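**Student:**
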Amino acid sequence: MNRKTKPGVRVLQYAILILAAIFAFYPLWFAILASGRGGSRLYTLSLPGMFLPVEWTFENYRAMLFDQPFLTWLGNSVKVASLTTIASLIVCTSAAFAVSRFRFRGREPFLIFLLAISTFPGILSLVAIAQLLTAIGLYGKHLGLVLAYTTGTLVFCTWNLKGYFDTIPIDLEESAMLDGCGPLQAFLLVALPLARPALAVTAILAFLSGWGDFIFAGVLVPAPDSMKLAVPALYRLANSVAVPWGYFAAGAVIVIIPTVLVFLLAQRYFESGLTIGGVKG
Amino acid sequence: MVTWKGSRKTLTVLLFLLPTLIGILIFNVYPIVLNSYISLTNRNKFRPNPDCSAGLNGVLDPLCWPGFADKAPKGLGSPYKLETPIYKNYADLMGKLFTGESMLALGKILLVFVPLVIANSLNRRFDRMMSRPVSSWLVWIGGVIAVVLVALLVNLGNALDLLMRTGDFLVVVGRTILFVALRVPLTFFLGLILALILNSPNLPGKTFFRVILFIPWGASSVAILVALIWQFIFRDQGVINQLLSAAFGINGPVWLNNPYYAFGVVVLADIWFSYPFFMVSILGALQSIPPDQYEAAEMDGASWWQQLGNITLPLIRPAILPATVLTSITAFQMFGTAFAITAGGPQTGANSPGYTEFVMLYAYRQIFQLSNYGKATAFAVIIFLLLFAATLLSLRVTRITKGAYE
Chain A
-18 MNRKTKPGVR VLQYAILILA AIFAFYPLWF AILASGRGGS RLYTLSLPGM FLPVEWTFEN
42 YRAMLFDQPF LTWLGNSVKV ASLTTIASLI VCTSAAFAVS RFRFRGREPF LIFLLAISTF
102 PGILSLVAIA QLLTAIGLYG KHLGLVLAYT TGTLVFCTWN LKGYFDTIPI DLEESAMLDG
162 CGPLQAFLLV ALPLARPALA VTAILAFLSG WGDFIFAGVL VPAPDSMKLA VPALYRLANS
222 VAVPWGYFAA GAVIVIIPTV LVFLLAQRYF ESGLTIGGVK G
Chain B
29 MVTWKGSRKT LTVLLFLLPT LIGILIFNVY PIVLNSYISL TNRNKFRPNP DCSAGLNGVL
89 DPLCWPGFAD KAPKGLGSPY KLETPIYKNY ADLMGKLFTG ESMLALGKIL LVFVPLVIAN
149 SLNRRFDRMM SRPVSSWLVW IGGVIAVVLV ALLVNLGNAL DLLMRTGDFL VVVGRTILFV
209 ALRVPLTFFL GLILALILNS PNLPGKTFFR VILFIPWGAS SVAILVALIW QFIFRDQGVI
269 NQLLSAAFGI NGPVWLNNPY YAFGVVVLAD IWFSYPFFMV SILGALQSIP PDQYEAAEMD
329 GASWWQQLGN ITLPLIRPAI LPATVLTSIT AFQMFGTAFA ITAGGPQTGA NSPGYTEFVM
389 LYAYRQIFQL SNYGKATAFA VIIFLLLFAA TLLSLRVTRI TKGAYE
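Quick note, the sequences are listed as chains A and B, same order. Numbered by my numbering, the letters in the first sequence go through residues -18 to 262 in order. Numbered by my numbering, the letters in the second sequence go through residues 29 to 434 in order.
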């Protein structure tokens, strides 16, 4: 397909691309527009108003940041998602290392078992998890949520990292061991630094599994307001009659934009297929 | 290979795996066991508390464990116990599926697909011949015509109706399968078209479009919030209806109250979330096709369509098949998009599932809104078995675990 593209084809290509780009970007653009409109002016009856910021006020943002406990929610989300990331990386890295570097009996069954277990949908195990957490006194606490999220990430995280460790030649570790390293040291000092891209992507996915979750957070930490996480709290806000939708839009923009930016920064990793185990599409 | 031998190696491996194993056993395996057990009991809103001396309750239900018994909820009825017969929840869920009449209807529906299977095998046989007697398009068209004829012959609509009246299970699973059958191919085509365009050489602005078109993938990790925005766009007074009235003077429909429109909106929003994954996978596969293949085809005078059908599609197939299977399984479990946009509605009646109440929404409503634990867990077990079988099958088809055995 190296020949010169005909002008007609080019025009068609751009027409499709532009339509697709509008489709891709409009929902977020709409949220940004709505977040800048006053509460009573949420519905605009002018055609340009639906696409361009013909009016703009920071009132919704001010209200979200100072009148609503939105900053607390954000803080809770960041705290829970960060703890989840750290816990899940520590646990999975060691498991992935063992599976990638040692040949032991039960290795293949273990890997298949992980995949099989992950087909049990999270929503359905929530009742049992809620009961368990109540039994050990962690229901309604952030730590309980971190436990639930961390175990939820174990499968894709282990598979992801194992796949990447497999691509790092073992010779490097072996030569380190000839120089007097133990296997553990060789792993920590040689293999781990080489696996940085995979670790970064796995960390991002683990963080987002806590950051964007709705069901677990809503069920396991239902109250009080000061304990809630951003996403379930915003969901309640959007469906509450007493609060203008513009508040929700402002909160949603604050949550969504950084998430999208992180993805765009990591885009080349996602495009390189580093994350086949973590696919949510 | 790391050289450790004997008991020292066993101990090391065990230590490395222990945290993962413990986590999986407590938070994945135990819930499955408890779920399966509860699905055999009559636990519900009025009977949330177990009779700790009966059956396996004392061992399995945390409500019976020491230090927890005092926090147990008090039910209005007597404590829950095993159902009689023990499979009662499953029987209720499957309804009248296992009667002769329903099985006949199921057989009729399967019969409709037979011509397609025949067409496929005919095509394979023709492909092996030196020169095809009939082109593959003709065979497929013949197959489709036969499908329509068979459907008319067995009165397909009637058979479907009959099956839909056998109980919640088939209704919910059937609608979910319809959702997957719409969503996955449409997503694939959108992804394919965009990837083909983005792959064409010397396209000014390529990077810009790549970034913009990638956005929904990022947004899908906070799916519930973005789905709420989609809901707002399609509300009665939302953007679409305002656009219709401002531009054309039409009073738009109440999108989310109409079963078909609501279904369509959920499909559309979910396509939005998932097409970048396909686009990116296909783009990656396209870039790995050696350009000399096209040059040779060009020399032979192959048209663009012939190149697409004979070079591009067959060569990206190995990369795209796993992606398609994976997305089908995740689409089957879709929750956030429909929950935020329609909450499973529009409803058809107090006790029957709504038009967009897909499997996960059904399970969620049965557990968290109606507290029908027994019924919901029986549903969960059946869905788990389905997904488990589908996953094993897909592993075999796609060989995604190939690396695991080396």
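Backbone N, C-alpha and C define an ideal beta-carbon position, used for all residues, glycine too. What you are looking at is a predicted structure, and each value in this text was computed from that prediction instead of being measured.
Once the 5 residues before and after Pro29 of chain A are set aside, which same chain residues still bring their CB inside 7 Å of it?
**Tutor:** Only Val35 meet the Cβ criterion.
**Student:** When you compare each of B:Leu49, B:Leu46, B:Val61, B:Thr69 to Lys403 of chain B by their alpha carbons, which one comes out closest?
**Tutor:** When each option's Cα is compared against that of Lys403 of chain B, the closest is B:Thr69.
**Student:** Name the chain B residues that come within less than 7 Å of Pro(-12) of chain A, Cβ to Cβ?
**Tutor:** Here the premise fails: no neighbours, minimum Cβ distance about 13 Å.
**Student:** Could you check if Glu129 of chain B is buried or exposed, using at least 16 other CB atoms within 10 Å of its CB as the buried criterion?
**Tutor:** Glu129 of chain B is exposed by the Cβ-count criterion.
**Student:** Using the three-state DSSP reduction, which class does Pro342 of chain B fall into: helix, strand or coil?
**Tutor:** Note: Pro342 of chain B maps to helix in three-state DSSP.
**Student:** Ile50 of chain B: buried (16+ other C-beta within 10 angstroms of its C-beta) or exposed?
**Tutor:** Exposed, since its Cβ has fewer than 16 Cβ neighbours within 10 Å.
**Student:** Along the chain, where does the alpha helix (DSSP H) that runs through Gly133 of chain A open and close?
**Tutor:** Residues 123 to 148.
**Student:** Taking Leu42 of chain B as the reference, give the member of A:Phe11, A:Ala79, A:Ala(-4) with the closest Cα.
**Tutor:** Comparing Cα-Cα distances from Leu42 of chain B to each of A:Phe11, A:Ala79, A:Ala(-4), the minimum goes to A:Ala79.
**Student:** If Ala129 of chain A sits next to Ile110 of chain A, beta carbons under 8 Å apart, how far is it from one beta carbon to the other, in whole angstroms?
**Tutor:** Between Ile110 of chain A and Ala129 of chain A the Cβ distance is about 5 Å, and since that is below 8 Å, they are a contact.
**Student:** For the region 187 to 205 of chain B, enumerate the residues whose C-beta is nearer than 8 Å to any C-beta of chain A, in chain order.
**Tutor:** Per Cβ criterion, the list is empty.
**Student:** Rounded to the nearest angstrom, how far is the Cβ of Val293 of chain B from that of Phe262 of chain B, given a contact under 8 Å?
**Tutor:** Confirmed, about 5 Å.
**Student:** Using a Cβ cut-off of 7 Å (strictly closer), state whether Ala274 of chain B contacts chain A.
**Tutor:** Yes, its Cβ sits closer than 7 Å to a Cβ of chain A.
**Student:** Asn(-17) of chain A: buried (16+ other C-beta within 10 angstroms of its C-beta) or exposed?
**Tutor:** Confidence at Asn(-17) of chain A is low in this model, with a pLDDT of 46, below 50, so the placement of that residue should be treated as unreliable; the coordinate-derived value is given next. By the neighbour-count rule (16 or more Cβ atoms within 10 Å), Asn(-17) of chain A is not buried but exposed.
**Student:** Return the first residue and the last residue of the alpha helix (DSSP H) that Gln335 of chain B is part of.
**Tutor:** 332 to 335 is the span of the alpha helix (DSSP H), which, as asked, contains Gln335 of chain B.
**Student:** Residues of chain A with a CB under 8 Å from the CB of Gly246 of chain B: which are they?
**Tutor:** In chain order: Thr240, Val241, Leu242, Val243, Phe244, Leu245.
**Student:** What residue from B:Lys116, B:Lys136, B:Arg160, B:Phe291 has the CA that sits closest to Leu181 of chain B's CA?
**Tutor:** It is B:Lys136 whose Cα lies nearest to the Cα of Leu181 of chain B.
**Student:** Can you give the beta carbon distance from Tyr401 of chain B to Arg71 of chain B, rounded, assuming they're within the 8 Å contact cut?
**Tutor:** Contact flag correct, Cβ pair sits at about 4 Å.
**Student:** Would you kindly check if the distance between the Cβ of Lys143 of chain A and the Cβ of Ala77 of chain A is under 7 Å?
**Tutor:** Result yes, Cβ atoms of Ala77 of chain A and Lys143 of chain A sit closer than 7 Å.
**Student:** Is the beta carbon of Ile369 of chain B less than 7 Å from the beta carbon of Val387 of chain B?
**Tutor:** Against a cut-off of 7 Å, the Cβ pair of Val387 of chain B and Ile369 of chain B comes out as no contact.
**Student:** So that I know if they touch, is there some Cβ in chain A lying closer than 7 Å to that of Phe217 of chain B?
**Tutor:** So, not an interface residue.
**Student:** Could you tell me which chain B residues have their CB closer than 9 Å to the CB of Ile75 of chain A, listed as they occur along the chain?
**Tutor:** The question names Ile, but residue 75 of chain A is Ser in the sequence shown. Those are Leu43, Phe44, Leu45, Leu46, Pro47, Thr48, listed as they occur along chain B.
**Student:** Can you round the beta-carbon distance between Thr263 of chain A and Pro90 of chain B to whole angstroms, since I take them to be within the 8 Å contact cut?
**Tutor:** Nothing can be reported for residue 263 of chain A, as the shown portion of chain A is limited to -18 through 262.
**Student:** Helix, strand or coil for Asn314 of chain B, going by three-state DSSP, please let me know.
**Tutor:** The question names Asn, yet the displayed sequence has Leu at residue 314 of chain B. Residue state, collapsed to three classes: helix.
**Student:** Can you look up Gly329 of chain B in the DSSP assignment and give me helix, strand or coil?
**Tutor:** Note: Gly329 of chain B maps to coil in three-state DSSP.
**Student:** Could you confirm whether any beta carbon from chain A is found closer than 7 Å to the beta carbon of Pro381 of chain B?
**Tutor:** Not an interface residue.
**Student:** Does any C-beta atom of chain D lie closer than 7 Å to the C-beta of Asn148 of chain B?
**Tutor:** Among the chains of the structure shown, chain D does not appear; the protein chains present are A and B.
**Student:** What in chain A is Cβ-close to Gln361 of chain B, meaning under 7 Å?
**Tutor:** Residues of chain A passing the Cβ test: Pro102.
**Student:** May I ask you to verify whether the region 160 to 173 of chain B touches the region 204 to 211 of chain B, counting CB pairs closer than 8 Å and requiring at least 3?
**Tutor:** No, the region 160 to 173 of chain B does not touch the region 204 to 211 of chain B.
**Student:** Using the rule of at least 16 other Cβ atoms within 10 Å of the residue's Cβ for burial, across every protein chain shown, is Met327 of chain B buried or exposed?
**Tutor:** Exposed, because fewer than 16 other Cβ atoms sit within 10 Å of the Cβ of Met327 of chain B.
**Student:** Under the rule that 16 or more other beta-carbon atoms within 10 Å means buried, what is Trp267 of chain A, buried or exposed?
**Tutor:** No answer is possible for residue 267 of chain A: it lies beyond the span of chain A, which begins at -18 and ends at 262.
**Student:** Run through chain B and tell me which residues come within less than 9 Å of Ala109 of chain A, C-beta to C-beta.
**Tutor:** Simply Phe55, Tyr58, Pro59, Ile60, Val61, Leu62, Asn63, Ile66, Pro90.
**Student:** Find the residues of chain B that neighbour Ala129 of chain A, judging by a C-beta separation of less than 7 Å, and give them in chain order.
**Tutor:** Within 7 Å Cβ-Cβ: Phe55.
**Student:** From the DSSP output, read off the bridge partner residues of Leu110 of chain B.
**Tutor:** DSSP lists B:Thr69 as partners of Leu110 of chain B.
**Student:** Pro78 of chain B bridges to which residues according to DSSP?
**Tutor:** Answer is B:Tyr108.
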